[in-house]
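So in our numbering, spot 94 of the sequence shown is number 96, and the numbers just go up one at a time. For glycine and all other residues, C-beta sits at the position ideal for the given N, C-alpha and C. A quick note: this is a predicted structure, and the numbers were derived from the prediction, not measured. What follows is one structure encoded as structure tokens, with my remarks underneath.
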Amino acid sequence: MERVLGVGGYFMRAADPVVLGAWYRDCLGLDADENGLWQQEAGVTVFATFESETEYFGSRAQQTMLNFRVRDLDAMLAQLRAKGADVADETQDMEGVGRFGWVTDPEGNRVELWQPS
Numbered sequence: 003m004e005r006v007l008g009v010g011g012y013f014m015r016a017a018d019p020v021v022l023g024a025w026y027r028d029c030l031g032l033d034a035d036e037n038g039l040w041q042q043e044a045g046v047t048v049f050a051t052f053e054s055e056t057e058y059f060g061s062r063a064q065q066t067m068l069n070f071r072v073r074d075l076d077a078m079l080a081q082l083r084a085k086g087a088d089v090a091d092e093t094q095d096m097e098g099v100g101r102f103g104w105v106t107d108p109e110g111n112r113v114e115l116w117q118p119s
């Protein structure tokens, strides 16, 4: 059986693609080039499905949620708050998996930040 090799890209609709791209670059440090190419650090990728009624993604209209690995969740959340981003107050610890926090981008997409164990 042929298998996929990894995530090849993230594609998002946006009312203002330039503004949204700049937010991901300036707030999260995604240093994608002019073609959108971004060299990420090696590590695991989670692929998980959720019940259609889940509230985990925030808005029910949001069908998928980006999850980014971070080295220091507290530092990333502080950086986002300093930039005026809409950061959730709560964080979550999952034994053996790591810590999670959330931010909502300017288009209303909830984004999960994950500091692996």
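The closest CA to that of M14, considering only F52, M67 and Q117, is found on M67. The Cβ neighbour count for N37, taken over all protein chains shown within 10 Å, is under 16; the residue is labelled exposed. For P118, the secondary structure class from DSSP, reduced to helix, strand or coil, is strand.
Minimum Cα-Cα distance from E114 among the listed residues P108, T93 and G98 corresponds to T93.
By the Cβ-count criterion, M3 is exposed, with fewer than 16 other Cβ atoms from all chains shown falling within 10 Å of its own Cβ. When DSSP reads this structure, V105 sits in a beta bridge with V89 and V113.
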